[in-house]
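Structure first, then comments.
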Amino acid sequence: MAGRTPKDVSPEGERRTPRSARGEANRRPPVPFISVAVRIRPNLSQEPVALWAKSSPSSQRVCCHRGFLLEEYEFSRVFGPEDDNRTVFDQIQGPTLTASVFQGVNETLFAYGQTGSGKTHTIFGSRSEPGFLELFVRRFFDVAPAKAALFAGCYEVLGDSLTDLVDSRRFLAEGSLHHEDIVHDELFAKTQRCSYQIVRVRTAEMCLSLLNNARWNRTSGVSSFNEDSSRSHAIVHLFVQNPGSDGCASIGTLTLVDLAGTEKEHENPSEKGRKCARLLNTSLSSLNRLLRKLQTGSLGESERRQSVLNKCLWEYLRPGCGIALVFCASPLLQHRAATLSTLAMATDSKLIQSQRKSQYVNMPSPRQTGRAQASSPSPAAAVAPAGPGIRA
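Basically the working numbering = 1-based index in the sequence shown + 696.
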């Protein structure tokens, strides 16, 4: 069914936690808190500002000027315009999040904020500065044990549709990727099934080439802020299957979410842009409701069905998963209303609590794997983790 957790596919199709791993599965992995950070993008103009980071040894406060009132907010971390992606990655404990994924934990990292606040730059970076995606991928391959298997997927969500952004044809043609390295997964989206690929990646360069190519396939268009803005929610999954010495393997996932920014529908200059803004605002409202439920500890199954975006993220936000949120904000006075809304959500998100839990599965024996391959569309299907949908 839709919303299945990532798991190893054995001939029996069931998931078990071996006795030797049960105590480890219940042990709390690293990163014992929900990280909420605020990042202020640079002011590239001479316009007046209403938001700035407060200078302090801990760099944990941000100030917002509201005319006759000066408000001060405190978060896990506050990053100013001078902080680059590497600094943010290190300060939100990127290496520790990586270790957590290799222990079998689902870790999810959001870039959340208004249009033009620097979310895509934070996740994907630029030609001159690597983003979280590249920093995490290189870290994964630096620490991966020899027997670990890494898989990647990338898709976009717009309204009730999910579109696979991975184009594997060039990699298949040049021989860096083989058909048995690809598993197709599906997600039920309202009235249709949406298919996307989960690809086994063997080197950091191949993984980055695949995902950077996927990035350029993403929908973009005119927004009220600039002429080339992300007009969909982009989701990247990095799956890690890490075999142990006792016949079981941990299955962990890092999910990077680059949310499209909210904007007032009537402010978009094009009819297509206004329609797109309407779809994005609706899905963001459903996600905000889900986050509110997490804040109050009242998350229920019904929230998964509220939108396609919620369905895609459900297995990576529910109790047992780790969550880190980077709230990106514009410092400009003209964007103060949207910035205050972002700060309000960031403040409330500090209430989210989650006990991280590792996921373990039994590895099929070589004899079982042979039987599985005989009935599977590809050898990779016997070991590849599934995404948020169902295996095709």
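Where is the CB? At the ideal position from N, CA and C, for every residue including glycine.
Three-state secondary structure assigned by DSSP to residue i
i, result
"V784", "helix"
"E803", "strand"
"G790", "helix"
"F771", "coil"
"R724", "Reliability of the predicted coordinates at R724 is poor, the pLDDT of 44 falling under 50, and the value obtained from them is presented with this limitation in mind. Coil at R724, not helix or strand."
"I819", "helix"
"D881", "strand"
"A848", "strand"
"A840", "coil"
"V797", "helix"
"L829", "helix"
"S946", "strand"
"H875", "helix"
"G1066", "Here the model assigns G1066 a pLDDT of 42, short of 50, so the residue's position is not dependable and the matter cannot be decided."
"L1172", "Absent from the structure is residue 1172, since the part of the chain shown begins at 697 and ends at 1088."
"A746", "coil"
"S751", "coil"
"F935", "strand"
Among the options, nearest to residue i - alpha-carbon criterion
i, options, result
"L766", "S824, F828, A749", "A749"
"L858", "S1050, A885, F837, L873", "A885"
"V853", "L955, F847, V732", "L955"
"R1014", "S946, G940, E997", "E997"
"R988", "H1031, D838, I1048", "I1048"
"G800", "C1017, A869, Q893, A842", "C1017"
"A746", "S752, G763, S731, V732", "G763"
"A791", "F837, F1023, S994", "According to the sequence provided, residue 791 is Pro. The question's Ala does not apply to it. Among F837, F1023, S994, the Cα nearest to that of P791 belongs to F837."
"S772", "V839, V1022, E1011", "V1022"
"G855", "A795, S1045, S982", "S982"
"N781", "T811, S796, S824", "S824"
"L990", "Q1055, A842, A1042", "A1042"
"Q1002", "S994, T978, G993", "T978"
"S742", "L1029, A1020, V1057", "First, the residue type needs correcting, since residue 742 is Gln and not Ser in the sequence shown. Cα-wise, what sits closest to Q742 is L1029."
"C850", "H817, W912, F867, A844", "W912"
"A973", "G940, C760, T811", "T811"
Rounded Cβ spacing between residue i and residue j (contact assumed at less than 8 Å)
i, j, result
"V862", "D877", "V862 to D877, Cβ: 12 Å. No contact."
"A910", "V833", "13 Å between Cβ atoms; not a contact."
"G809", "A1025", "6 Å"
"T949", "Y1012", "6 Å"
"L1005", "H933", "Actually they are not in contact, since the Cβ atoms of L1005 and H933 sit about 14 Å apart, beyond 8 Å."
"Y769", "V784", "In fact, because the Cβ distance is near 18 Å, the residues do not count as touching under 8 Å."
"Y892", "D860", "4 Å"
"A848", "V879", "That pair is no contact at about 11 Å."
"V936", "L873", "Contact flag wrong, Cβ pair sits at about 19 Å."
"V1057", "I947", "6 Å"
Per-residue burial, residue i [other beta carbons within 10 Å of its own, 16 or more giving buried]
i, result
"R927", "buried"
"P1027", "buried"
"T951", "buried"
"K815", "buried"
"A1040", "exposed"
"A945", "buried"
"D881", "buried"
"Q692", "What the structure shows of the chain is the stretch from 697 to 1088, and residue 692 is not part of that stretch, so it cannot be assessed."
"K1007", "buried"
"P744", "exposed"
"H670", "This structure cannot settle anything about residue 670, because the visible part of the chain is limited to 697 through 1088."
"L740", "exposed"
"W1010", "buried"
"S1054", "buried"
"T818", "buried"
"T1035", "buried"
"A733", "buried"
"P753", "exposed"
"R865", "exposed"
"S751", "exposed"
"T992", "exposed"
Sequence ranges, alpha helix (DSSP H) only - wholly within the region 990 to 1046, length at least 4: Listed in chain order, the complete alpha helix (DSSP H) runs (minimum 4 residues) inside the region 990 to 1046 are 1004 to 1009, 1032 to 1045.
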